[in-house]
Amino acid sequence: MVEQKKGYINVIYFFGALGGLLFGYDTGVISGALIFIREDLGLSSLMEGFVVSGVLIGALVGSLFSGSFADRVGRKKAIIWLGFLFSIGAVGTGIAGNVSVLIIFRIVLGVAVGGASALVPIYLSEMAPAAIRGRIASLNTIMNALGILLAYTVNYIFSASGRWDWMLLLAIIPSVLLMAGMFFMPESPRWLLQHNQETEARKVLSLTRGKDQLEFEIESIKAVKKEGKVPLSQLFSPLLLPILMIGIGLAIFQQIIGTNTIIYYTPTILLDSGFGASSAIAGTIGIGIINVLFTLIGTILIDKIGRKNLLLIGNVGMTFALCTLGLSTWFFQSPGWLLLACLCLFMVAYSASWGMVVWVVLAEIFPMRIRGTAMGIASTCLWLANIAVSLSFPVLLESIGTSLLFLIYGVLGIVAFVFVYKYLPETKGKTLEEIEAEIITDKSITSAMLEREIK
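See the structure below:
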């Protein structure tokens, strides 16, 4: 019976994180497909940017509305709807006959990607106990890394034939699996309690909590619930604005420190450095494997050394890789091995830190009564930054060159280090309600509950 319960819990976490795999696949697959799409459809640098950014434009919409939608209908139902959109987008991009249709369905796909980026971390963090919440919430990033690796592998398999349509179409398999599997998963216990379904919430919490911890969390959630819902305008109040700005800052920095230039354009960078098409795509598989391995390492470290320390350490590695990449190409013709080594070092540092930790922190730091909406705003800012980087990269690469561009990203990495060091609170080992009480009231949840009882 215990083994069955443990197995069911693992299945919950798997399907909860499956949206992360689709997120990774649909953002990563375009890197290899783009080489052949460019030839078949005769893309200019600007249109190339739009093909990549179609997903990002849709993601902007998905992240903006998914939080409030999930607050209304529940995390579970919202993720099922995302699975449906993933399926429509996969089919549409796979059968697209021209660039306009391709971009339209990339936007549809992006709505699902944006929604998944906001909702999957929330669902996992609300399901997991505090002691392992970092590891469980980071499953989203592990699945994201696996999705990127899967995309790179599929790209390589079809690189000889140049069948970019199959590269895009195969996303239908995990999208249908997500849609079907989530029907059998439980709803978030915190959402259930917010909507007066305490009996069902207790059943869900009892899967992963002991009796004492269960009662403490139930009372903590109730104490937070008494504060009531916060109007959107209150997000910008002196009380909540600082934490919203921390979330927005993290989201934007994750995108402007060079991340998506590596994920989306690695084959293009290698191709321009003398690699053949198949060799360039094969190089991305190595980077994808590194991404998965070091995401797993980050998952082990996140609940040991903390969110903040991991981000700071990762910043150092990423900035060093970008500056080395920029300086080596500035002063001499950088050999292919050095270029690939810098790209791999960047992915090592990013995968173990910013690629994973940012999503975990965003799902933790916002108060329950504004979590969906605040996560939506932060995700929207993330995708706006993503769009700006992805649209500008091909044009900037053509106009100012690799050297200066990567040096700019390196400088932004230094700014991100200062931001995290100065403003980000540590959330390791605390329940979501404890984090909320300490950030908003500067008191522990126990003290806050005791004050309410006295009153």
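The sequence shown begins at 31 in this note's numbering and counts up by one. Just so it is clear, CB atoms sit at the ideal spot from N, CA and C, and this is done for glycine as well.
Around the Cβ of residue i, are there at least 16 other Cβ atoms within 10 angstroms (buried) or fewer (exposed)?
{"i": "L176", "result": "buried"}
{"i": "K458", "result": "buried"}
{"i": "E247", "result": "buried"}
{"i": "F45", "result": "buried"}
{"i": "K36", "result": "exposed"}
{"i": "D70", "result": "exposed"}
{"i": "R163", "result": "buried"}
{"i": "A210", "result": "exposed"}
{"i": "W389", "result": "buried"}
{"i": "I395", "result": "buried"}
{"i": "M31", "result": "Because M31 sits at a pLDDT of 47, beneath the cut-off of 50, its placement in the model cannot be relied upon, and the point is left open."}
{"i": "M405", "result": "buried"}
{"i": "L48", "result": "buried"}
{"i": "V82", "result": "buried"}
{"i": "G127", "result": "exposed"}
{"i": "Y43", "result": "buried"}
{"i": "T325", "result": "buried"}
{"i": "S383", "result": "buried"}
{"i": "C367", "result": "The sequence shown places Trp at residue 367, not Cys. By the 10 Å Cβ count, W367 comes out exposed."}
{"i": "D333", "result": "buried"}
Let me check understanding here. Comparing Cα to Cα, which of the options lies closest to residue i?
{"i": "R401", "options": "K36, R105 and L52", "result": "R105"}
{"i": "L426", "options": "L71, I65 and E78", "result": "E78"}
{"i": "A281", "options": "L208, S93 and W194", "result": "S93"}
{"i": "S505", "options": "I152, G316, S83 and V81", "result": "Residue 505 cannot be examined here, being either before or after the span of the chain that is shown, 31 to 485."}
{"i": "S495", "options": "G62, L412, F423 and S381", "result": "Lying before the first or after the last residue shown, residue 495 is absent from the chain, which here runs from 31 to 485."}
{"i": "I166", "options": "M173, S155 and N174", "result": "S155"}
{"i": "V322", "options": "E456, L180 and G277", "result": "L180"}
{"i": "L169", "options": "M215, I330 and M197", "result": "I330"}
{"i": "L341", "options": "I137, S205, F213 and V378", "result": "V378"}
{"i": "S358", "options": "G288, T432, P397 and G385", "result": "T432"}
{"i": "I444", "options": "D56, N226, V346 and V206", "result": "V346"}
{"i": "I287", "options": "Y453, V150, V441 and L269", "result": "V441"}
{"i": "G84", "options": "F95, T57 and K107", "result": "T57"}
{"i": "F449", "options": "T183, D195, M215 and K338", "result": "K338"}
{"i": "A351", "options": "L370, G336, F361 and Q363", "result": "L370"}
{"i": "N185", "options": "L437, I67 and S218", "result": "I67"}
{"i": "P204", "options": "M157, S189, G124 and S117", "result": "S117"}
{"i": "M215", "options": "V387, G72 and M157", "result": "M157"}
Could you please give the first and the last residue of the uninterrupted alpha helix (DSSP H) stretch that includes residue i?
{"i": "G124", "result": "R105 to G124"}
{"i": "N446", "result": "Inspection of the sequence shows that residue 446 is occupied by Ala rather than by Asn. That run of the alpha helix (DSSP H) goes G431 to Y453."}
{"i": "E230", "result": "E228 to L235"}
{"i": "D333", "result": "Run containing D333: none; DSSP gives neither H nor E here."}
{"i": "M173", "result": "L169 to I187"}
{"i": "I287", "result": "That residue, I287, is in no alpha helix (DSSP H); it is neither H nor E in DSSP."}
{"i": "F135", "result": "V129 to M157"}
{"i": "L223", "result": "P219 to Q224"}
{"i": "P204", "result": "I202 to G211"}
{"i": "L199", "result": "W194 to L199"}
Contained alpha helix (DSSP H) runs [length at least 4] in the region 367-421, N- to C-terminal order: You should have 384-395.
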